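>
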Amino acid sequence: MPKITYITHDNQSRTVEVQNGLTVMEGAVQNDIPGIDADCGGGMACATCHVYVKEDWFNKLPKKEDGEEDMLDMAFEPKTNSRLSCQLTVSDELDGLIVNIPSKQT
Amino acid sequence: MIKTDALIIGAGPVGLFTAHQLKLIGLDCEIVDNLDKIGGQCIELYPDKPIYDIPAVPECTGEELTNNLINQLKPFDIKFHLGERVDEVKKDEKNWIVKTNNGKSFSTPNVIIAGGVGSFEPRKFPPKECEKFENKSLFYSVKDKKIFEGKTVTIFGGGDSALDWAVELSKVSKVNLVHRRDEFRGAQATLNKVKELTSDGKINLFTKYQLVSVNGSNKIENIDIKSDDGETKNLKTDYVLGFFGLIMQLGPIANWGLNIDKKTIAVDTEKFETNQKGIYAVGDICTYPGKLRLILSGFHEGALAARACFKLARPNEKYRFEFTTTSSNLLKRLGKKE
Numbered sequence: 021m022p023k024i025t026y027i028t029h030d031n032q033s034r035t036v037e038v039q040n041g042l043t044v045m046e047g048a049v050q051n052d053i054p055g056i057d058a059d060c061g062g063g064m065a066c067a068t069c070h071v072y073v074k075e076d077w078f079n080k081l082p083k084k085e086d087g088e089e090d091m092l093d094m095a096f097e098p099k100t101n102s103r104l105s106c107q108l109t110v111s112d113e114l115d116g117l118i119v120n121i122p123s124k125q126t
Numbered sequence: 028m029i030k031t032d033a034l035i036i037g038a039g040p041v042g043l044f045t046a047h048q049l050k051l052i053g054l055d056c057e058i059v060d061n062l063d064k065i066g067g068q069c070i071e072l073y074p075d076k077p078i079y080d081i082p083a084v085p086e087c088t089g090e091e092l093t094n095n096l097i098n099q100l101k102p103f104d105i106k107f108h109l110g111e112r113v114d115e116v117k118k119d120e121k122n123w124i125v126k127t128n129n130g131k132s133f134s135t136p137n138v139i140i141a142g143g144v145g146s147f148e149p150r151k152f153p154p155k156e157c158e159k160f161e162n163k164s165l166f167y168s169v170k171d172k173k174i175f176e177g178k179t180v181t182i183f184g185g186g187d188s189a190l191d192w193a194v195e196l197s198k199v200s201k202v203n204l205v206h207r208r209d210e211f212r213g214a215q216a217t218l219n220k221v222k223e224l225t226s227d228g229k230i231n232l233f234t235k236y237q238l239v240s241v242n243g244s245n246k247i248e249n250i251d252i253k254s255d256d257g258e259t260k261n262l263k264t265d266y267v268l269g270f271f272g273l274i275m276q277l278g279p280i281a282n283w284g285l286n287i288d289k290k291t292i293a294v295d296t297e298k299f300e301t302n303q304k305g306i307y308a309v310g311d312i313c314t315y316p317g318k319l320r321l322i323l324s325g326f327h328e329g330a331l332a333a334r335a336c337f338k339l340a341r342p343n344e345k346y347r348f349e350f351t352t353t354s355s356n357l358l359k360r361l362g363k364k365e
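This is the structure in structure tokens:
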């Protein structure tokens, strides 16, 4: 199973195995990783699963769909490497992905 | 003090259908919602997005679903209290006393929380010092636009609210418009207007910039904005406005003595009652083993909670299960029979 590493704001790092087909958001929620709220449950209707993706990984990810960038306008401290983790589907290609969780989501 | 058999907190789809169920079994109810309109997340987050998993409705948008639910409530007289947030829930000898931020109070044996993921609040600026200026020289909505006359106003955001206010205030104020990227979400017509006003020098546009700090003692004097490339600019401004949409906050619900875990309230699956007798939670805000965050599950939860309300609202009567197809009682309540 692909391994995804979540780094929280206070630099706590946790690597968990996430099943192919789940999203990076779901991987966090199912493993009780703090800081990913996912209020809307993955509908791209809020911005509370916002993460920063390390640059080398950022360019490898599938491009943002319409709407994700709009939603990121409403995220807490969005940066150029911001993504909504509910839009990142885990696959073998994402094995080793590292995401940073912002200091807060709201 | 308003007396009612049941008070519903939240006018989203689940709150609306719960009201339907309460009225159908002969109880009265009132609904409070923090938003100024009916529909909850369906209206605020996805009015135009199609939903495909409402039973017997192959496809409908959030707005259509809301309108259908409102239509379904037409036979009934239900009082809505919109734009009000429930701040306090306390028990007197018999009833729950519920108070809103507008000073309304209700006395009821039953409180049904159909609060979605909490109340919608404006999303705020990240820098901490912004709090100090909030509602003095920094705002997340405009209540009195007169205060901006002849002043410099810096507006942040890329949606309709930000663009509309930039256009409107540019008539009487010096306006800076700051947005984190080049594209705007707002209506094209408004965006064209903003661009026109920008080339006329009526609006100073800063794209790919975000707020980093707010400076001043009692009121804002200037702010620093930083670009994606790390370049910082200092802008003199009297006021700052932020329009980053709304987020959901659990808010005061957290203080009502309920079992709360990860922004959800634990309930039983018979009555959808919380650990407090007479307080129920239905829809996205409740949790129990196997909980699905679907609108259809919320409808079921509301229907059962409504039956539980009957016992407390009519302690001396016996609730009798009836079908709308055959019961003359129900048909009368629905206005289908004299």
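Quick mapping for you: the protein sequence lines, in order, are chains G and D. Quick note on numbering: the first sequence equals residues 21 to 126 in the working numbering. Quick note on numbering: the second sequence equals residues 28 to 365 in the working numbering. Glycine residues also receive a C-beta, built at the ideal position from the N, C-alpha and C atoms. What you are looking at is a predicted structure, and each value in this text was computed from that prediction instead of being measured.
For the segment 168–185 of chain D, list every residue whose C-beta sits within 9 Å of some C-beta in chain G, in sequence order.
So the list reads Gly184 and Gly185, given in the order they occur along the chain.
> Taking only the alpha-carbon atoms, compute the straight-line gap between Asp90(G) and Ile105(D) and give it to the nearest angstrom.
Within the first sequence, residue 90(G) is the residue found at index 70, counting from 1. Within the second sequence, residue 105(D) is the residue found at index 78, counting from 1. Using only the alpha carbons, I get a separation of about 36 Å.
> Please confirm whether Gly177(D) and Asp93(G) have their CB atoms less than 9 Å apart.
Reading the second sequence from its first residue, position 150 is the one you call residue 177(D). Reading the first sequence from its first residue, position 73 is the one you call residue 93(G). Against a cut-off of 9 Å, the Cβ pair of Asp93(G) and Gly177(D) comes out as no contact.
> Under 8 Å: does the beta carbon of Asp57(G) sit that close to some heavy atom of the ligand NAD?
In the structure shown, the ligand NAD is absent, as is every other ligand, since no ligand is present at all.
> For Ile52(D), count the other beta carbons within 10 Å of its own beta carbon; 16 or more makes it buried, fewer makes it exposed. Which is it?
On the second sequence, position 25 is the one that residue 52(D) refers to. Buried, by the Cβ-count rule.
> Which one of Glu365(D), Arg320(D) and Gly305(D) has the shortest CA to CA distance from Asp119(D)?
Along the second sequence, one-based indexing puts residue 119(D) at 92. That would be Gly305(D), whose Cα lies nearest to the Cα of Asp119(D).
> Less than 9 Å between CB atoms is the rule here; does Lys290(D) satisfy it with respect to chain G?
Stepping through the second sequence from its first residue, residue 290(D) is reached at position 263. Closer than 9 Å to some Cβ of chain G, the Cβ of Lys290(D) qualifies, so yes.
> Taking CB distances under 9 Å as the criterion, tell me whether Gly55(G) reaches chain D.
Your numbering for residue 55(G) matches position 35 in the first sequence. So, not an interface residue.
> Would you tell me roughly how many angstroms separate the C-alpha atoms of Glu349(D) and Asp32(D), rounded to the nearest one?
Residue numbering aside, residue 349(D) sits at position 322 when the second sequence is read from its first letter. Residue numbering aside, residue 32(D) sits at position 5 when the second sequence is read from its first letter. Roughly 20 Å between the two C-alpha positions.
> Please say whether Ser105(G) and Val44(G) have beta carbons closer to each other than 9 Å?
The sequence position of residue 44(G) within the first sequence is 24, counting from 1. The sequence position of residue 105(G) within the first sequence is 85, counting from 1. Against a cut-off of 9 Å, the Cβ pair of Ser105(G) and Val44(G) comes out as a contact.
> Report the three-state DSSP secondary structure of Glu88(G) (helix, strand or coil).
Along the first sequence, one-based indexing puts residue 88(G) at 68. The answer is helix: DSSP assigns Glu88(G) an H, G or I state.
> I'd like to know if Asp63(D) contacts chain G, where contact means its C-beta is closer than 9 Å to some C-beta of that chain.
Taking the first residue of the second sequence as position 1, residue 63(D) is located at position 36. Output row for Asp63(D): interface = no.
> Residues in the same chain with beta-carbon distance under 7 Å from Ser123(G), minus the five sequence neighbours each way, listed in chain order, please.
Your numbering for residue 123(G) matches position 103 in the first sequence. Excluding positions up to five away in sequence, the list reads His29.
> Using a Cβ-Cβ cut-off of 9 Å, state whether Phe366(D) counts as contacting chain G.
An answer regarding residue 366(D) cannot be provided, because it is not within the stretch 28 to 365 covered by chain D.
> Going along chain G in order, which residues have a C-beta closer than 8 Å to the C-beta of Arg320(D)?
Here the question's residue 320(D) lines up with position 293 in the second sequence. Simply Gly61.
> Given a cut-off of 9 Å, decide if Asp311(D) and Val144(D) are closer than it, judged by their beta-carbon atoms.
The residue given as residue 144(D) occupies position 117 in the second sequence. The residue given as residue 311(D) occupies position 284 in the second sequence. For Val144(D) and Asp311(D), yes; Cβs fall inside 9 Å.
> I'd like the span of the beta strand (DSSP E) that includes His29(G), first residue to last.
Here the question's residue 29(G) lines up with position 9 in the first sequence. No beta strand (DSSP E) holds His29(G); DSSP gives it neither H nor E.
> Could you pull out every unbroken beta strand (DSSP E) segment of at least 3 residues lying fully inside the segment 85–167 of chain D, listed in chain order?
Those beta strand (DSSP E) runs which fall completely within the segment 85–167 of chain D and span 3+ residues are 106–109, 113–118, 123–127, 132–135, 137–140 and 146–149.
> Give me the residue from Leu361(D), Gln237(D), Leu273(D) and Thr352(D) with the minimum Cα distance to Thr100(G).
Walking along the first sequence from the start, residue 100(G) turns up at place 80. Among Leu361(D), Gln237(D), Leu273(D) and Thr352(D), the Cα nearest to that of Thr100(G) belongs to Gln237(D).
> Look at the Cβ atom of Leu358(D), then the Cβ atom of Gly269(D), and state whether they are nearer than 9 Å.
The count along the second sequence starts at 1 and reaches residue 358(D) at position 331. The count along the second sequence starts at 1 and reaches residue 269(D) at position 242. No. Outside cutoff.
> Would you report the Cα separation of Lys83(G) and Val116(D), rounded to the nearest angstrom?
Position 63 of the first sequence holds residue 83(G). Position 89 of the second sequence holds residue 116(D). Using only the alpha carbons, I get a separation of about 47 Å.
> Using the Cβ count rule (16 or more neighbours within 10 Å means buried), how would you classify Glu297(D)?
Within the second sequence, the letter at position 270 stands for residue 297(D). Exposed: under 16 other Cβ atoms inside 10 Å.
> Quick one: what's Glu195(D) bridged to in DSSP?
On the second sequence, residue 195(D) is found 168 positions in, with the first residue counted as 1. BP columns for Glu195(D) are empty, so no partner.
> Take Val59(D) as the anchor and find which of Ile70(D), Thr127(D) and Phe44(D) has the nearest alpha-carbon.
The sequence position of residue 59(D) within the second sequence is 32, counting from 1. Nearest C-alpha to Val59(D): Thr127(D).
> Determine the direct distance from the alpha carbon of Lys318(D) to that of Asn122(D), and round the result to whole angstroms.
Looking up residue 122(D) in the second sequence gives position 95. Looking up residue 318(D) in the second sequence gives position 291. Roughly 29 Å separates the two Cα atoms.
> According to the Cβ coordinates, are Arg150(D) and Pro279(D) closer than 9 Å?
Locating residue 150(D) in the second sequence gives position 123, counting from the first residue. Locating residue 279(D) in the second sequence gives position 252, counting from the first residue. It is not a contact, given that the beta carbons lie outside the stated cut-off.
> Would you say Gln50(G) and Glu85(G) are within 9 Å of each other, going by their C-beta atoms?
Taking the first residue of the first sequence as 1, we reach residue 50(G) at position 30. Taking the first residue of the first sequence as 1, we reach residue 85(G) at position 65. In this structure, Glu85(G) does not lie closer than 9 Å to Gln50(G) by Cβ.
> Give me whichever residues DSSP pairs with Met8(D) in a beta bridge.
Lying outside 28 to 365, the shown extent of chain D, residue 8(D) is not represented and no answer is given.
> Starting from the C-beta of Lys260(D), find all residues in its chain whose C-beta is less than 6 Å away, skip the five residues before and the five after it, and write them out in chain order.
As a first step, residue 260(D) is located in the second sequence; it is residue number 233 there, counting from the start. Ile252.
> Report the three-state DSSP secondary structure of Phe183(D) (helix, strand or coil).
Translated into the one-based positions of the second sequence, residue 183(D) becomes position 156. Note: Phe183(D) maps to strand in three-state DSSP.
> To which residues of the same chain is Tyr307(D) closer than 6 Å at the C-beta, ignoring the five residues directly before and after it?
Locating residue 307(D) in the second sequence gives position 280, where the first residue counts as 1. Excluding sequence neighbours, Tyr307(D) sits near Ile139, Phe299, Glu300 and Ala332.
> Identify the residues that DSSP records as bridge partners of Phe233(D): which are they?
Taking the second sequence and counting its residues from 1, one reaches residue 233(D) at position 206. Paired residue(s): Val205(D).
> Within 9 Å of any Cβ in chain D, is that where the Cβ of Cys106(G) sits?
Start at 1 with the first residue of the first sequence, and residue 106(G) comes out as number 86. It does not: the Cβ of Cys106(G) has no partner Cβ on chain D nearer than 9 Å.
> List, in order along the chain, the chain D residues whose C-beta lies closer than 9 Å to that of Thr126(G)?
Along the first sequence, one-based indexing puts residue 126(G) at 106. In chain order: Glu148, Arg150, Lys151, Ile274, Met275 and Gln276.
> Thinking C-alpha only, which one of Leu114(G), Ala65(G) and Val71(G) is nearest Gln125(G)?
Here residue 125(G) is taken as the residue at index 105 of the first sequence, counted from 1. Among Leu114(G), Ala65(G) and Val71(G), the Cα nearest to that of Gln125(G) is on Val71(G).
> Quick one: does Phe326(D) have its CB under 9 Å from some CB of chain G?
Walking along the second sequence from the start, residue 326(D) turns up at place 299. No, no contact with chain G.
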